[in-house]
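Trainee:
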Amino acid sequence: MARKISMKDAINEAIDLEMRRDPTVILMGEDVVGGTGSPGEADAWGGVLGVTKGLYAKHGKRLMDTPLSESAYVGAAIGAAACGMRPIAELMFIDFMGVCFDEIFNQAAKFKYMFGGKAQTPVVIRTMVGAGFRAAAQHSQMLTPIFTHIPGLKVVCPSNAYDAKGLLIQSIRDNDPVIFCEHKNLYAHESDVPAEAYTIPFGEANVVREGKDATIVAYGLMVHKALEAAEALAKEKVAVDVIDLRTLSPIDWDTVIESVENTGRLVVVDEAHPRCSIATDVAAYVGQNAFGALRAGAQMVTAPHTPVPFSPALEDLYIPSSGAIVAAVRRTLASGEGAGGHRKAS
Amino acid sequence: MANNPFPLSREDLLKAYRTMRTIREFEERLHVDFAKGDIPGFVHLYAGEEASATGIMMHLKDNDRIASTHRGHGHGIAKGVDVRAMMAEIYGKTTGACRGKGGSMHIADLSKGMMGANGILGAGAPLACGAGLAAKFRGDGGVGISFVGDGASNQGMFLESLNLAAVWNLPVIFVVENNGYAESTSVEWAVACDSYVDRASGFGLPGVTVDGTDFFAVYEAAGEIIRRAREGGGPALLECEMVRFFGHFEGDAQTYRAKGEVEELRANRDCIKSFAERVIGAGVVKAEEFAAIDREVLDLIEDAVRSAKAAPLPTAQDLLTDVYVAY
């Protein structure tokens, strides 16, 4: 039965259900229990933002606080995965990936190929992504493109509670290493979520709004910005497809291409930086594979090529806005073949 | 036959000798064939260090996991990885342990508990912690063994792992194979503390240093700390002071070493020679028995090279298999 719950609770529920189902699922990370060895509550925190709160009471020692040693414990999760466990390692912020990247991209990502297909590494690395928390340059990045570049890694970034639960359960059951990116500004976002376990397959985008004038491709928080933009555009009688990629590796090219073939115009929205991003990737792929369908050049809406600024006044300018998306849709409608003459929504 | 004064049965003494001799001949043959241009890529040889891998691995079973180094051939052979599959891997053939996709620096066989040689120095230490963690959850008494050289003992990944293993009380042994050189850089210069026992102690681990060219010293020290780890006593560090007969990699002119250093080591610190002398001297094994093993090992290596050379190379269709491919 579906209830309205937050993305934070959906993630907690997914972990709980999988830990009940499969005794090899374990969870480790800094403060995932929160309070180990301290004089107060044994599970005081349940994660720095409380996402894993309550799981220690249910699963005890299968949840492990760690020293502040990301290389050691992320590597240990990967090693345990190669030895038959299904560990979930929580890396608090994706910005910390720099201190343990070797274990992810040289070890976990490569084992299967480098060992001739004779190893599997079913590890999930959960990590917070994204700006908007006034958390400044080292706690706010959207580093998804770095991981999509690495063969052997799967990269997931849900936009809502329902998808988060189904995609996390799929991630835990998947036999490849998965980088599971949780946008910290979506933790409180609520949607209808069934109480039971379910999976959402990787590589299946979700068309969250349909329209024939342009295609907006987004993921994570940007899906919501795109929907706001779509709402505003509807008032101008412009109807857009909004595609939530959900998983970035694998990526659902078919849905993107099919939409562009219908609309002829593409706007890609990415909270990452503009160069070598999901935005450039999608734009390039469509340019190479559906050039004939495009009636105008693809438009990209991204964060600027700067670190994430601290001051709220600057951070609000940094994050791609629905206004910027509306402007990009208008730009594509005003350029190229049939400029200004797009079909009006009835 | 005389009474056996050693802590191993006669059969195990013969097995240990065979393992060490196999490693030695494997490496000596690679040295020759590399110089001929038969071997692609980087090759780091373990000759001279056989007593460490063998003295430790004699205590291990398949459900004990090791995380090896770039100098991993000896670890693989001692852990029971098929010698022919290893040779074929080094030749980049489909019959290789990793079907030609790993090479010398990435030989692995998870079914034998060999989690892989590793081209990233120190990266195996966290993986061994994971192996120990998995064993702890399974409750099967298994251990994880992390091998690093003196060079990688300065990596953050390694040092973090010492602390993590102590904090989580993992059944993990950290073996520092100190051959005196990080590539060309002396351990005397690059490791600031005087003793690895002190370094272990700083992380809350017991540590022991042994003569890594003395098989029996390695065997006894490893046996004690592995038994302790299996029984829940937690991690430990074992430093094996050893010698490297070849350069960092094949093709290394070794101009950083003293003149005559390697010749002196081969003459006076050959772990296989000293092992054989002691065992024969005690009258437990006859020289002819070791000589027979020597011949069998040479035949095995010859066959491994011949079959590796004859084996098929991977083809274009192998390029895209064994990995998740998005496009």
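Respectively, the protein sequence lines represent chains B and V. Converting from the first sequence to my numbering requires adding 101 to each position, the first position being numbered 1. Converting from the second sequence to my numbering requires adding 3 to each position, the first position being numbered 1. Every residue, glycine too, gets a C-beta built ideally from N, C-alpha and C.
(1) With distances taken between CB atoms, is the gap from residue 86/V to residue 25/V smaller than 8 Å?
(2) Classify residue 319/V: buried if its beta carbon has 16 or more other beta carbons within 10 angstroms, exposed otherwise.
(3) In three-state terms, what does DSSP make of residue 318/V?
(4) If you compare alpha carbons, which of 178/V, 282/V, 287/V is closest to residue 146/V?
(5) Quick one: using the 10 Å Cβ neighbour count with 16 as the cut-off for buried, is residue 438/B buried or exposed?
(6) Does the distance from the C-beta atom of residue 312/B to that of residue 278/B stay below 8 Å?
(7) Please identify, using Cβ separations under 8 Å, the residues of the stretch 258–287 of chain B that lie next to chain V, in order along the chain.
(8) So which of 309/B, 293/B, 407/B, 411/B has the shortest CA-CA distance to residue 107/B?
(9) DSSP has residue 266/B in a bridge; who is on the other side?
(10) Less than 7 Å between C-beta atoms, sequence neighbours within five positions excluded: which residues of the same chain meet that for residue 19/V?
(11) Does the beta carbon of residue 377/B come closer than 8 Å to any beta carbon on chain V?
(12) Ends of the beta strand (DSSP E) at residue 349/B?
(13) Would you say residue 172/B lies against chain V (beta-carbon separation less than 8 Å)?
(14) Shortest alpha-carbon distance to residue 271/B belongs to which of 284/B, 255/B, 286/B?
(15) Could you name the residues of chain V that residue 176/B contacts, counting a contact when the two beta carbons are closer than 8 Å?
(16) Name the one or two DSSP bridge partners that residue 242/V has.
(17) Could you give the residue range of the alpha helix (DSSP H) that holds residue 121/B?
(18) Rounded to a whole number of angstroms, what is the C-alpha to C-alpha distance between residue 282/V and residue 14/V?
(19) Could you pull out every unbroken alpha helix (DSSP H) segment of at least 4 residues lying fully inside the stretch 313–387 of chain B, listed in chain order?
(20) Just list the residues that DSSP pairs residue 258/B with in beta bridges.
(21) Tell me the DSSP secondary structure of residue 6/V in three-state form.
(22) Given a threshold of 16 other Cβ atoms within 10 Å of its Cβ, counted over all protein chains shown, does residue 189/V qualify as buried or as exposed?
(23) So, at 8 Å on beta carbons, what are the nonlocal neighbours of residue 169/B in its own chain, with the 5 sequence-adjacent residues on each side left out?
(24) Counting only the same chain and skipping the five closest in sequence on each side, list residues whose C-beta sits under 6 Å from that of residue 443/B.
(25) My output table needs one value for residue 71/V: the three-state DSSP class, helix, strand or coil.
(26) Any beta carbon from chain B within less than 8 Å of residue 325/V's own beta carbon?
(27) Taking all protein chains shown into account, decide if residue 383/B is buried (16 or more other Cβ within 10 angstroms of its Cβ) or exposed.
(28) 8 Å is my cut-off, CB to CB: does residue 167/B come that close to chain V?
(29) Show which residues of chain V have a CB atom less than 9 Å away from the CB atom of residue 219/B.
(30) Find the nearest neighbour of residue 5/V within the set 49/V, 304/V, 325/V, 289/V, judged by alpha-carbon distance.
(31) Taking the straight line between their C-alpha atoms, what separation do you get for residue 207/V and residue 166/V?
(32) What does DSSP give as the partner residue(s) for residue 194/B in the beta ladder?
(33) Considering only residues of the same chain and omitting the five flanking positions on each side of residue 310/V, which have a CB-CB separation below 6 Å?
Mentor: According to the data block:
(1) Indexing the second sequence from 1 puts residue 86/V at position 83. Indexing the second sequence from 1 puts residue 25/V at position 22. Going by C-beta atoms, residue 86/V is nearer than 8 Å to residue 25/V.
(2) The count along the second sequence starts at 1 and reaches residue 319/V at position 316. Residue 319/V is classed as exposed because its beta carbon has fewer than 16 other beta carbons within 10 Å across all chains shown.
(3) Residue mapping note: residue 318/V aligns to position 315 of the second sequence, counting from 1. If DSSP states are grouped into helix, strand and coil, residue 318/V belongs with coil.
(4) Residue 146/V sits at position 143 when you count from the first residue of the second sequence. For the residues 178/V, 282/V, 287/V, the minimum Cα distance to residue 146/V belongs to 178/V.
(5) Against the first sequence, residue 438/B aligns to sequence position 337. It is exposed - the Cβ of residue 438/B has fewer than 16 other Cβ atoms within 10 Å.
(6) Along the first sequence, read from residue 1 onward, the residue named residue 312/B stands at position 211. Along the first sequence, read from residue 1 onward, the residue named residue 278/B stands at position 177. Taking a C-beta distance under 8 Å as the contact criterion, residue 312/B and residue 278/B do not qualify as a contact pair.
(7) Those residues of the stretch 258–287 of chain B that come within reach of chain V (Cβ to Cβ, closer than 8 Å) are 277.
(8) Stepping through the first sequence from its first residue, residue 107/B is reached at position 6. Looking at the Cα atoms, 293/B is the closest of the given residues.
(9) Here residue 266/B corresponds to residue number 165 of the first sequence, with the count starting at 1. Secondary-structure assignment with DSSP links residue 266/B through no beta bridge to anything.
(10) Counting from one through the second sequence, the residue named residue 19/V turns up at place 16. Around residue 19/V, the same chain offers 11, 57, 61, 218 as residues with beta carbons nearer than 7 Å, after the five sequence neighbours per side are excluded.
(11) As a working mapping, residue 377/B is identified with position 276 in the first sequence. For residue 377/B, the answer is no, since every Cβ of chain V falls outside 8 Å of its Cβ.
(12) Within the first sequence, the letter at position 248 stands for residue 349/B. Residues 348–350.
(13) Against the first sequence, residue 172/B aligns to sequence position 71. Taking CB atoms only, residue 172/B has a neighbour in chain V less than 8 Å away.
(14) In the first sequence, the residue the question calls residue 271/B occupies position 170. Taking residue 271/B as reference, the option from 284/B, 255/B, 286/B with the minimal CA-CA separation is 255/B.
(15) Translated into positions along the first sequence, residue 176/B becomes position 75. Counting only Cβ-Cβ distances below 8 Å, residue 176/B has contacts in chain V at 126, 128, 129, 130, 132, 133, 160, 164, in chain order.
(16) Mapped onto the second sequence, residue 242/V falls at position 239. In the DSSP secondary-structure assignment, residue 242/V is bridged to 179/V, 212/V.
(17) For this step, residue 121/B is matched to residue 20 along the first sequence. Looking at the DSSP string, the run of the alpha helix (DSSP H) that includes residue 121/B is 108–122.
(18) In the second sequence, counting from the first residue as 1, residue 282/V sits at position 279. In the second sequence, counting from the first residue as 1, residue 14/V sits at position 11. Cα-Cα distance, rounded: 12 Å.
(19) Those alpha helix (DSSP H) runs which fall completely within the stretch 313–387 of chain B and span 4+ residues are 322–335, 354–364.
(20) Against the first sequence, residue 258/B aligns to sequence position 157. Per DSSP, residue 258/B has no beta-bridge partner at all.
(21) The residue given as residue 6/V occupies position 3 in the second sequence. Here residue 6/V sits in coil by DSSP.
(22) As a working note, residue 189/V is residue 186 in the second sequence. Looking at its Cβ environment, which holds fewer than 16 other Cβ atoms inside 10 Å, residue 189/V is exposed.
(23) By one-based count along the first sequence, residue 169/B stands at place 68. Cβ neighbours of residue 169/B beyond the five flanking positions: 131.
(24) Counted from its first residue, the first sequence places residue 443/B at position 342. Note that residue 443/B has pLDDT 49, beneath the 50 cutoff, so the model's placement of it is unreliable and no number is given.
(25) Translated into the one-based positions of the second sequence, residue 71/V becomes position 68. DSSP places residue 71/V in the coil class of the three-state scheme, outside both helix and strand.
(26) The sequence position of residue 325/V within the second sequence is 322, counting from 1. Chain B contact via Cβ: present.
(27) On the first sequence, position 282 is the one that residue 383/B refers to. Per the 10 Å Cβ criterion, buried.
(28) In the first sequence, counting from the first residue as 1, residue 167/B sits at position 66. It does; some Cβ of chain V falls within 8 Å.
(29) Looking up residue 219/B in the first sequence gives position 118. Within chain V, the residues near residue 219/B are 100, 101, 102, 111, 112, 113, 114, 325.
(30) Along the second sequence, read from residue 1 onward, the residue named residue 5/V stands at position 2. When only C-alpha atoms are compared, the closest one is 289/V.
(31) Position 204 of the second sequence, counted from the start, is the residue given in the question as residue 207/V. Position 163 of the second sequence, counted from the start, is the residue given in the question as residue 166/V. Each residue's alpha carbon lies about 7 Å from the other.
(32) For this step, residue 194/B is matched to residue 93 along the first sequence. Partner residues in the beta bridge of residue 194/B, as assigned by DSSP, are 229/B.
(33) For the purposes of this step, residue 310/V is taken as residue 307 along the second sequence, with counting starting at 1. Setting aside the 5 residues that flank it on each side, residue 310/V is surrounded in the same chain by 87, each with a C-beta closer than 6 Å to its C-beta; the list follows chain order.
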